[in-house]
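Residue numbers (the numbering used here), protein chains in the order written: chain A, 147 to 355; chain B, 147 to 355. Think of the CB as a built atom: it goes at the ideal place given N, C-alpha and C, for glycine as much as any other residue. Remember, it's a predicted structure, so these values are computed and weren't measured experimentally. Notes follow once the structure below has been shown.
2 protein chains.
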Amino acid sequence: MPRIVDHDQRRREICDVLLDVVADHGIPAVTIRGVARRGGWSTGVISHYFKSRQDLLLGGLRRAAEHLDDYNRKVLTTLEGIAAIEHLLEGSIPIDGRRVALCRIFFFFYNEAMHQEEIKKEIESYLAGWRSSVAKAIRQSQRKGDFPENLDSRQAATDLIGLADGISMHALLDTNAMERIRENSPIRFWLQNLSREAKMKQLSSPLAQ
Amino acid sequence: MPRIVDHDQRRREICDVLLDVVADHGIPAVTIRGVARRGGWSTGVISHYFKSRQDLLLGGLRRAAEHLDDYNRKVLTTLEGIAAIEHLLEGSIPIDGRRVALCRIFFFFYNEAMHQEEIKKEIESYLAGWRSSVAKAIRQSQRKGDFPENLDSRQAATDLIGLADGISMHALLDTNAMERIRENSPIRFWLQNLSREAKMKQLSSPLAQ
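Following this line, the structure appears as structure tokens:
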């Protein structure tokens, strides 16, 4: 009986092996031959799905976005409020190999997006999805009284995903910034800062007395 | 009498023209020929100072860092406290052509730094300088009572430069993020958030009563 190949499944497997290569050795080390060897395939198998190295990397970006999307969905169904926001923002902080790979592939394509309109649109849609998940969890926190009512959830979400990506990028470039994210959670610090005001308000509100 | 060329001056002029090209057309549009034409020089003049396009871009990075360093020094001698921090952080937020050029050239080399040790060291030193200016202004704000005493100035500075770079990067990639920085100052929002706690402490301290 001929072996039936699930093409979507095979494509995902190849992209996951690519992400392993990126985690261990970085983007410049990626070759079609290297990914084939690591996955135990012939280079012909890879070329069947991806027409070039760049196309394979783009597959890796989309797979990374899929992983983050699954993760964010799981966070929103299992956690709530500030804990949810914290996890949504730390999904791509580079403190383990898997997340180092996500950062590397995203930042590589951020750079490509600066001068390629198609990639830019794709990155914009990923940022929009991330922002709207965070904004949703912020509104939930506001309903619970953990965040100030007058906080603009969309603006705060825009800033917080900027913070998360900025400290991740700096951590990959600078040992001081990497120490900071390894020793403490900067995300938690800024969220607590935002929530303290709401807590203070609660304490001073007539209803709380 | 032969014309005497100040070589350092000429080098700076070339890099400033390069930054103008980057502001108007982006990194991919940079060519030695284009910079020469825009500056009114022969391509030979450029080649005398920069051996390749990449070398010229690196000159642009160093010139951008010089501009930011001058700017930061000026901020620290003319402003103090929270106003100083805000200006230090907004020196490279891409809301005008000059700052778009700074962002583009820095983010281009952030990407190069991911896999080139020499560039990484250079970027690390720029981030260290930026962080230490911000940390200095934070300590000043703490002495004035504008920020909580127990705030770790170095950690807060590390996070805040991450925030500034993260929102700048997103603004170049995403229209929603660009609107956010054009309409409001996210930096000011997060600084006020940080300071509100100190103000509340002051209000509730026995000395203030």
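Can you tell me which of the three DSSP states residue i falls into?
i, result
"Q262/B", "coil"
"L273/A", "helix"
"N322/B", "helix"
"P294/A", "coil"
"E159/B", "helix"
"D242/B", "coil"
"G172/B", "coil"
"D201/B", "helix"
"S299/A", "helix"
"I150/A", "coil"
"W336/A", "helix"
"E236/B", "helix"
"L207/A", "helix"
"G186/B", "coil"
"E226/A", "coil"
"S341/A", "helix"
"S331/A", "coil"
"F254/A", "helix"
"T177/B", "coil"
Note down, in chain order, every chain A residue with its Cβ under 9 Å from the Cβ of residue i.
i, result
"E268/B", "Within 9 Å Cβ-Cβ: nothing; E268/B doesn't reach chain A, min ~10 Å."
"D340/B", "It should be pointed out that residue 340/B corresponds to Leu in this sequence rather than to Asp. Chain A residues near L340/B: W336 and N339."
Name the chain B residues that come within less than 7 Å of residue i, Cβ to Cβ?
i, result
"A259/A", "L319"
What whole-angstrom Cβ distance do residue i and residue j have, given they're in contact under 8 Å?
i, j, result
"I251/A", "R245/A", "Not quite, the Cβ-Cβ distance comes to about 11 Å (not below 8 Å), so this is no contact."
"I228/A", "S287/A", "6 Å"
"V163/A", "R184/A", "5 Å"
"E206/A", "C161/A", "First, the amino acid is wrong: residue 206/A is Gly here, not Glu. Indeed they touch by this definition, with Cβ atoms about 5 Å apart."
"A247/B", "L165/B", "5 Å"
"A281/A", "S299/A", "4 Å"
"L203/A", "V181/A", "Going by Cβ atoms, the distance from L203/A to V181/A rounds to 10 Å, so no, they are not a contact pair."
"E264/B", "I333/B", "E264/B to I333/B, Cβ: 31 Å. No contact."
Within this structure, are the beta carbons of residue i and residue j separated by less than 8 Å?
i, j, result
"L273/B", "I307/B", "yes"
"L337/B", "S279/B", "no"
"V167/A", "R199/A", "no"
"A302/B", "I284/B", "yes"
"K266/B", "L319/A", "yes"
"L222/A", "A230/A", "yes"
"M315/B", "F253/B", "yes"
"Y195/B", "R158/B", "no"
Closer than 8 Å by beta-carbon distance: list the chain A residues that pair up with residue i, in chain order.
i, result
"F253/B", "Y256, N257 and M260"
"D311/B", "G312, M315 and H316"
Exposed or buried, what is residue i when buried is set at 16 or more other beta-carbons lying within 10 Å of its beta-carbon?
i, result
"L353/A", "Note that L353/A has pLDDT 49, beneath the 50 cutoff, so the model's placement of it is unreliable and no number is given."
"Q155/B", "exposed"
"T304/A", "buried"
"H387/A", "Coverage of chain A is limited to positions 147 through 355, which leaves residue 387/A absent and any answer about it impossible."
"V151/A", "exposed"
"N257/B", "buried"
"R277/A", "buried"
"S188/B", "exposed"
"P174/B", "exposed"
"D216/B", "exposed"
"E232/A", "buried"
"H213/B", "buried"
"D242/B", "exposed"
"N296/B", "exposed"
"N218/B", "buried"
Quick one: which chain B residues come within Cβ less than 8 Å of residue i?
i, result
"D305/A", "L309, I313, R326, P332, F335 and W336"
"Q301/A", "R326, N330, P332 and F335"
"R250/A", "M260"
Show which residues of chain B have a CB atom less than 9 Å away from the CB atom of residue i.
i, result
"L273/A", "H316, L319, D320, N322 and A323"
"Q200/A", "None at all; the shortest Cβ gap to chain B is about 15 Å."
Output yes if chain E places a C-beta closer than 8 Å to the C-beta of residue i; else output no.
i, result
"I173/B", "Here the protein chains are A and B, and chain E is not one of them."
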